[in-house]
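Novice: I have a structure I would like to understand better, so I am pasting it below and will then ask my questions one at a time.
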Amino acid sequence: MSDALAAPKGVPEYLPPESAAWLAVREGLSRPAVLAGYGYIELPIFEDTALYVRGVGESTDVVSKEMYTFSDRGDRSLTLRPEGTAGVMRSVIEHRLDRGQLPVKVWYAGPFFRAERPQHGRYRQLQQFGVEAIGSDDPALDAEVIAIADSGYRSLGLTGFRLELTSLGCAECRPPYRERLVAFLDGLDLDEPTRERARINPLRVLDDKRPEVIAQLTDAPLMLDHLCSACAEHFARVRGLLDAQQVAYVVNPRMVRGLDYYTRTTFEFVHDGLGAQSGIGGGGRYDGLMSELGGQELSGIGFGLGLDRTYLACQAEGLQVGPASPLDVYVVPVGAGRERAPLLVAELRAAGLRTDQIFGERGLKGAMKQADRSGAPYVVVLGERDLAAGVAQVKSMHSGEQAAVPLANLTPYLKEQLS
Ligand code: HAM
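130 is the number of the first residue of the sequence shown in the working numbering; add one for each residue after it.
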């Protein structure tokens with residue numbers, strides 16, 4: 130006997146009827162971006178490996194440990210996209226969008242791939258909704274991007290999250306800060322792997338979760354205290370704009386992001402109901418990324434919101450997202466009603482009512498049971514005698530009431546009942 134086939138490890142699937150809620154999460158999060166004039170961009174699922182090595186950073190976990198990289202038949206090294214920002218930059222440069230009106234504002238949604246150890250909320254195929262706004266360093270753009278994410282979460286009814294915010298400085302103030310941090314870390318009692326990490330990316334040591342390391346980091350120098358005046362001014366203006374728009378945040382000067390391209394404003398949305406994988410979204414500025422990838426010296430800012438984790442957050446808060454039921458109407462034909470049913474179903478669907486019908490031979494009792502299970506609030510029974518009289522029986526599954534409704538009047542009657 131062969132083994133039963135199963136989806137690969139760490140790949141979530143969304144099946145009906147729950148998948149309707151998942152789609153509603155994506156729709157709810159992306160709507161504020163559409164309202165703010167972001168255009169949809171559909172990107173390749175795989176790109177040249179070099180794009181991520183250059184764009185995301187060779188020393189990041191994402192690039193060094195988690196990429197799904199393969200050679201194609203022409204022996205080119207390709208990688209399933211681990212994130213969206215580098216691909217957007219490549220596309221903007223390749224199609225010269227950066228030569229047109231700025232900022233370029235785009236949004237995307239879809240699967241990304243990271244070979245992480247799977248656990249609740251951490252998947253190997255993860256889904257994100259993201260935006261990127263390229264070509265302006267106006268703090269108003271930072272505030273716009275952050276507010277889009279915030280209002281997306283709120284539109285779903287989420288309340289148990291917080292926005293954490295910091296500034297990671299720029300090419301001018303980060304290098305001297307980094308030196309300061311390296312000197313500080315040099316004086317600590319750290320094991321060899323941590324020292325190695327400190328050499329490659331000292332900022333990441335600030336994210337160490339071990340108590341013996343945390344205890345030594347209390348007096349570590351923080352980027353926020355060493356911003357140049359331009360970065361400090363920029364950060365103050367972003368905060369002021371968020372305050373004015375009543376977007377709540379906490380400043381977290383120890384935030385560490387997993388990707389190397391961030392500069393200046395950097396943020397994360399954290400939800401308390403998810404356990405260890407609490408980051409439901411994150412983003413920030415990446416003022417050197419475009420030129421790093423061969424484009425113009427343009428700054429940019431964006432975010433990626435985790436759709437899987439946002440969906441889990443909605444569940445954790447007990448929120449009903451998406452339609453309460455997958456159908457409006459369920460049609461149960463009996464006898465000669467079976468001939469008429471497909472026409473009626475088509476008519477109801479054309480009127481915008483979500484309609485399904487029973488297929489195959491079924492006794493009335495079994496058919497009504499199936500109708501009940503369909504979740505549709507209204508069931509239309511098309512019986513032979515009723516048809517001859519030009520009516521159908523409409524049953525409300527909530528109240529149990531039943532009415533004979535003239536066929537000619539059926540669509541407006543149901544629309545009225547459902548409104
Ligand atoms: P990121 O922080 O790596 O940023 O990912 C963004 C979000 O994707 C996370 O906050 C999380 O919700 C979700 N996510 C990441 N990895 C997983 C996983 N293994 N399983 C489930 N969900 C996951 C980026 O990807 C940047 N490209 C965001 C960005 C856009 N920055 C600027 N522009």
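For glycine and all other residues, C-beta sits at the position ideal for the given N, C-alpha and C.
#1: Excluding the five sequence neighbours on either side, which residues of its own chain have a C-beta within less than 8 Å of the C-beta of L482, listed in chain order?
#2: Answer yes or no: does any C-beta atom of chain D fall closer than 8 Å to that of R383?
#3: Looking at the unbroken alpha helix (DSSP H) that takes in G157, where does it start and where does it end?
#4: I want to check one thing, is the minimum distance from the CB of R219 to the heavy atoms of the ligand HAM below 7 Å?
#5: Determine, using beta carbons only, whether G298 and L356 come nearer to each other than 8 Å.
#6: Our contact map puts A327 next to L314 with C-beta atoms below 8 Å; I'd like the distance itself, whole angstroms only.
#7: Suppose only complete runs of 3+ residues qualify. What are the beta strand (DSSP E) ranges in the region 357-397, listed by chain order?
#8: For L317, which residues in the same chain have their Cβ closer than 7 Å to its Cβ, ignoring the five residues on either side in sequence?
#9: Strictly by DSSP, which residues pair up with D485?
#10: Can you tell me the Cα-Cα spacing of V508 and Y252, whole angstroms?
#11: When the Cβ atoms of the region 300-313 are set against those of the region 178-197, are three or more pairs found closer than 8 Å?
#12: Taking buried to mean at least 16 other C-beta atoms within 10 Å of its own C-beta, is T288 buried or exposed?
#13: Give the single residue among G424, Q522, R438 and E513 whose Cα lies nearest to the Cα of R225.
#14: Taking all protein chains shown into account, decide if D437 is buried (16 or more other Cβ within 10 angstroms of its Cβ) or exposed.
#15: Run the proximity test for D372: is its beta-carbon closer than 7 Å to any non-hydrogen atom belonging to the ligand HAM?
#16: Would you say D227 touches the ligand HAM, meaning its beta carbon is less than 7 Å from a heavy atom?
#17: Given a cut-off of 8 Å on the beta-carbon distance, is the pair P161 and S296 in contact?
#18: Quick one: is the Cβ of F258 within less than 7 Å of any heavy atom of the ligand HAM?
#19: Note down the Cα distance separating R246 from F258, rounded to an integer number of angstroms.
#20: Just tell me which of A470, I430, N538 and A518 has its CA closest to the CA of M218.
#21: DSSP state of E545, grouped into three classes?
#22: With three or more C-beta pairs closer than 8 Å as the rule, is the region 353-370 touching the region 262-269?
#23: Terminal residues of the continuous beta strand (DSSP E) containing R253?
#24: Less than 8 Å between the C-beta atoms of P211 and F175, yes or no?
#25: Could you spell out the range, first to last residue, of the alpha helix (DSSP H) harbouring Y181?
#26: In chain order, which alpha helix (DSSP H) runs of at least 4 residues are fully inside the region 404-466?
#27: Any heavy atom of the ligand HAM closer than 7 Å to the beta-carbon of D437?
#28: How far does the alpha helix (DSSP H) with E273 in it reach, from first residue to last?
#29: Please confirm whether any heavy atom of the ligand HAM lies closer than 7 Å to the CB of R155.
#30: Following a CB-centred definition, is G216 positioned closer than 7 Å to any heavy atom of the ligand HAM?
Specialist: Taking the definition as stated:
#1: D457, V458, T540, L543, K544 and L547
#2: Included in the structure is just one protein chain, with no chain D present.
#3: S148 to L164
#4: R219: no, Cβ never under 7 Å from the ligand HAM.
#5: yes
#6: 5 Å
#7: none
#8: Q345
#9: Bridge partners of D485: Y459.
#10: Straight-line Cα distance between these residues: approximately 40 Å.
#11: no
#12: Burial is judged here by how many other beta carbons sit within 10 angstroms of a residue's own beta carbon; T288 has fewer than 16 and is exposed.
#13: Cα-wise, what sits closest to R225 is G424.
#14: buried
#15: no
#16: no
#17: No, Cβ-Cβ distance for P161 and S296 is not below 8 Å.
#18: no
#19: Near 22 Å, if we compare the C-alpha coordinates of F258 and R246.
#20: I430
#21: The three-state secondary structure of E545, taken from DSSP, is helix.
#22: yes
#23: Taken as a continuous stretch (DSSP letters only), R253 belongs to no beta strand (DSSP E), as it is neither H nor E.
#24: At a Cβ-Cβ threshold of 8 Å, P211 and F175 do not count as neighbours.
#25: Here the alpha helix (DSSP H) through Y181 covers T178 to G184.
#26: The qualifying runs are 418-421 and 436-445.
#27: yes
#28: P268 to S284
#29: Flag unset: Cβ of R155 not near the ligand HAM.
#30: no
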